[in-house]
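Here the structure is laid out as structure tokens; the discussion comes afterwards.
Have a look at this one:
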């Protein structure tokens, strides 16, 4: 989906076969869901050359998850915009979760999976040390705004500093500009990824929404570069 992927496994038993299995899964998902490939299921649905009813079962699974998270976020997560399907806001986290699940099944206890800044960690980076996950500074590219210490956490960020104002309030159809970056930290990468997008779309109500979700914390950066967070976020940081 046009994003860099990093898979770092720190177990002594790690093999290239484990890494290859993760990337094979991610490539297969990309072939189905990439909005940038004309042959993907998403692109064919949007071009009218494939009916939803004829799409592979995995698309039905993804759309079912979209409906579930749409209800959970009070309609602020919606894979449809202007009549076009783009479930990327869910598929990225879902794909990373599936990649991490492969590592779990293979018995790996210490790993870091990163898809364009959305991260799933397990265990430690070595000698019991937590993985250090930087939240990128939206203006100063060589700096981070905060560092999350993650042993078994997911970190997901939605932002406008790369693509501009591309996150829309589905209730109004207008782009949301209350933040330039919104990060959610919690136990599940799929949920954190969806919450980051939906809470960004909620505007100023986004932090309060995340604060109500058990096990999740958030950190947002406003256009004037003010950092604001939920009450438990600082305890997760270096």
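Residue numbers (the numbering used here): 1367 to 1604. Cβ coordinates follow ideal geometry from the N, Cα and C atoms, glycine included.
Between residue 1564 and the rest of its own chain, which residues show a CB-CB distance below 6 Å, the 5 nearest in sequence each way excluded? As a working note, residue 1564 is residue 198 in the chain shown. By the criterion of a C-beta distance shorter than 6 Å, residue 1564 is surrounded in its chain by 1439, 1442 and 1443, once the five residues flanking it on both sides are discounted.
Does residue 1516 come within less than 8 Å of chain C when only Cβ atoms are used? The displayed structure is made up of one protein chain only, and chain C is not part of it.
Count the other C-beta atoms from every protein chain shown that fall within 10 angstroms of the C-beta of residue 1568, then say buried if there are 16 or more, exposed otherwise. Along the chain shown, one-based indexing puts residue 1568 at 202. Here residue 1568 is buried: its Cβ has 16 or more other Cβ atoms, across all protein chains shown, within 10 Å.
Could you work out which residue in 1540, 1422 and 1566 is closest to residue 1455 when comparing CA atoms only? Numbered from 1 along the chain shown, position 89 holds the residue referred to as residue 1455. Among 1540, 1422 and 1566, the Cα nearest to that of residue 1455 is on 1566.
Could you check which residue in 1556, 1548 and 1553 has the C-alpha nearest to that of residue 1574? The residue given as residue 1574 occupies position 208 in the chain shown. Closest in alpha carbon position to residue 1574, among 1556, 1548 and 1553, is 1548.
Straight-line CA distance for residue 1421 to residue 1533? Taking the first residue of the chain shown as position 1, residue 1421 is located at position 55. Taking the first residue of the chain shown as position 1, residue 1533 is located at position 167. For residue 1421 and residue 1533, the distance between alpha carbons rounds to 26 Å.
Measure the alpha-carbon distance for residue 1589 versus residue 1505 and round it to whole angstroms. Taking the first residue of the chain shown as 1, we reach residue 1589 at position 223. Taking the first residue of the chain shown as 1, we reach residue 1505 at position 139. Taking the straight line joining both Cα atoms gives about 10 Å.
Contiguous alpha helix (DSSP H) assignments of at least 4 residues, all confined to the stretch 1552-1585: With a minimum length of 4 residues, the continuous alpha helix (DSSP H) runs that stay inside the stretch 1552-1585 are 1555-1568 and 1572-1577.
Going by other Cβ atoms of all chains shown within 10 Å of its Cβ, with 16 needed for buried, is residue 1369 buried or exposed? Within the chain shown, residue 1369 is the residue found at index 3, counting from 1. Around the C-beta of residue 1369, fewer than 16 other C-beta atoms lie within 10 Å, and the residue is accordingly described as exposed.
Short of 6 Å in beta carbon distance, which residues of its chain neighbour residue 1410, apart from the five on each side in sequence? Order them along the chain. As a working note, residue 1410 is residue 44 in the chain shown. Setting aside the 5 residues that flank it on each side, residue 1410 is surrounded in the same chain by 1416, each with a C-beta closer than 6 Å to its C-beta; the list follows chain order.
Report the residue from 1468, 1428 and 1467 whose alpha carbon sits nearest the alpha carbon of residue 1451. Along the chain shown, read from residue 1 onward, the residue named residue 1451 stands at position 85. Sorting 1468, 1428 and 1467 by C-alpha distance to the C-alpha of residue 1451 places 1428 at the top.
Look up residue 1389 in the DSSP assignment and say whether it is helix, strand or coil. For the purposes of this step, residue 1389 is identified with residue 23 of the chain shown, where counting begins at 1. The answer is helix: DSSP assigns residue 1389 an H, G or I state.
If you run the structure through DSSP and keep just helix, strand and coil, what is residue 1599? For the purposes of this step, residue 1599 is taken as the residue at position 233 of the chain shown. Looking at residue 1599 - three-state DSSP - the assignment turns out to be coil, as it is neither helix nor strand.
Quick one, which of 1425, 1380 and 1579 has its alpha-carbon nearest residue 1394's? In the chain shown, residue 1394 corresponds to position 28, counting from 1. Comparing alpha-carbon positions, the option among 1425, 1380 and 1579 lying closest to residue 1394 turns out to be 1425.
Can you tell me whether residue 1486 is buried or exposed? The criterion is at least 16 other CB atoms within 10 Å of its CB, across all chains shown. Position 120 of the chain shown, counted from the first residue, corresponds to residue 1486. Buried is the call here.
Compute the Euclidean distance between the alpha carbons of residue 1367 and residue 1375, then round it to the nearest angstrom. Numbered from 1 along the chain shown, position 1 holds the residue referred to as residue 1367. Numbered from 1 along the chain shown, position 9 holds the residue referred to as residue 1375. In this structure, the CA atom of residue 1367 is about 23 Å from the CA atom of residue 1375.
Which residues bound the beta strand (DSSP E) around residue 1521? Position 155 of the chain shown, counted from the start, is the residue given in the question as residue 1521. First-last of the beta strand (DSSP E) with residue 1521: 1520-1525.
Would you give the residue range spanned by the beta strand (DSSP E) that residue 1499 belongs to? Numbered from its first residue, the chain shown carries residue 1499 at position 133. That run of the beta strand (DSSP E) goes 1497-1502.
Looking only at C-alpha atoms, which of 1468, 1498 and 1524 sits nearest to residue 1458? Working through the chain shown from its first residue, we reach residue 1458 at position 92. Closest by alpha carbon: 1524.
Give the range of the alpha helix (DSSP H) segment to which residue 1431 is assigned. In the chain shown, counting from the first residue as 1, residue 1431 sits at position 65. Counting along the chain, residue 1431 sits inside the alpha helix (DSSP H) bounded by residues 1423-1438.
Do the stretch 1489-1499 and the stretch 1577-1593 meet, that is, are 3 or more Cβ pairs less than 8 Å apart? In this structure the stretch 1489-1499 does not lie against the stretch 1577-1593, because fewer than three pairs of beta carbons, one per stretch, are closer than 8 Å.
Where residue 1548 sits in the DSSP three-state scheme: Translated into the one-based positions of the chain shown, residue 1548 becomes position 182. Collapsing the DSSP output to three states places residue 1548 in a strand.
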